[in-house]
Each structure stands twice: as C-alpha cells, then as structure tokens.
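Trainee:
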C-alpha cells in the first residue's frame, strides 16, 4: 500500500454501507478431537466488486471468523459499501478501480471492517460472556484480491 497514492476514480469523501448477511453457526467441540489439540481462532476478509456504473461502485466485504480445527463457532458477515466515482472519460474504469482498491484498500474497507468487528463482538458476547474483539480494519492477504 502506497502512502503517496491518490485515488484516481473512487471518491472517498462519503460512502453508503448496508448489511447483507450475518451468519453464526454454533459448532461445539467435535467428539473425535484428539487429546491435546488446541483451537486457533482465524479471521479471513475478502472483497469483490459487485456493481460498477458510470458514477458509482459497489463493493462486497466479507469477514469470516472460524476455528482450526473446525469447532466452537463459525461466523460470516457480509456488508456492501458504495462509493461515488469521480467524473472520467477513461475507458478502463474497472482496471483503474482495481488499482485504487489495491493501493487504498485499508481506507476504503475500514468502514465495513469496523462494523464487522462490532457484530463479531456482539455475537460472541451472547454465549461466550467475553466477546471476541476483532481489529476494526481489513485483514486481506496480499493487499486484497
């Protein structure tokens, strides 16, 4: 992620965000779990471009929380984030938007990641009494996908 990179097409001055899906599966402890195996809590964030028009882009952000090996619980949260686009006559909008996302994913997906973090905490507080506190920022491998 470049600190000097300026967004070319995405206008980050405002955004719209909506909740698409929340799923909490209580899995318990597997009966065939060998002695001494410890659960590791994992987080996987991903995104994709849902819709691209001349004046806006809609992005889908997904946060998954799960354990390795499978057990205890599995959470999936899907949010949609919409941004206006700056006026442009460039024919390669999708390519430029992908470059914007690659270079400024942290800023562009932080609003969705913050909300996902709050939801994870609320969901895990019900059964666990001590909520899982997720980072309020995106955790993409290889700077996005």
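In the working numbering, the protein residues as written are 52 to 196. Don't be surprised by glycine CBs; every beta carbon is placed ideally from N, CA and C.
(1) Secondary structure at residue 185, three-state DSSP: helix, strand or coil?
(2) Let me know if residue 151 comes out buried or exposed under the rule of 16 or more other beta-carbons within 10 Å of its beta-carbon.
(3) Mind checking which residues open and close the beta strand (DSSP E) that includes residue 129?
(4) For residue 115, report the span of its beta strand (DSSP E) as first-last.
(5) Locate the beta strand (DSSP E) running through residue 178, then write down its first and last residues.
(6) Are residue 131 and residue 68 touching if we call contact CB-CB under 8 Å?
(7) Compare the C-alpha of residue 174 against each of 76, 58, 121, 71 and name the closest.
(8) With H, G and I counted as helix, E and B as strand and the rest as coil, what does DSSP make of residue 94?
(9) Under DSSP, the beta strand (DSSP E) around residue 63 begins and ends at which residues?
(10) Any idea what DSSP makes of residue 103, helix, strand or coil?
Mentor: So, from the listed chains and residues:
(1) Against the chain shown, residue 185 aligns to sequence position 134. In this structure, residue 185 counts as coil in the three-state DSSP scheme.
(2) Position 100 of the chain shown holds residue 151. It is buried - the Cβ of residue 151 has at least 16 other Cβ atoms within 10 Å.
(3) Start at 1 with the first residue of the chain shown, and residue 129 comes out as number 78. Note, residue 129: beta strand (DSSP E), 123–136.
(4) Working through the chain shown from its first residue, we reach residue 115 at position 64. Unbroken beta strand (DSSP E) run through residue 115: 107–119.
(5) Position 127 of the chain shown, counting from 1, holds the residue named residue 178. Where residue 178 is concerned, there is no enclosing beta strand (DSSP E), although the alpha helix (DSSP H) it sits in stretches over 144–179.
(6) Taking the chain shown and counting its residues from 1, one reaches residue 131 at position 80. Taking the chain shown and counting its residues from 1, one reaches residue 68 at position 17. Cβ distance < 8 Å, so residue 131 and residue 68 count as in contact.
(7) On the chain shown, position 123 is the one that residue 174 refers to. Selected option, being the one with the closest Cα: 76.
(8) For this step, residue 94 is matched to residue 43 along the chain shown. DSSP places residue 94 in strand when its eight states are reduced to three.
(9) As a working mapping, residue 63 is identified with position 12 in the chain shown. Unbroken beta strand (DSSP E) run through residue 63: 61–79.
(10) Residue numbering aside, residue 103 sits at position 52 when the chain shown is read from its first letter. Three-state result, residue 103: strand.
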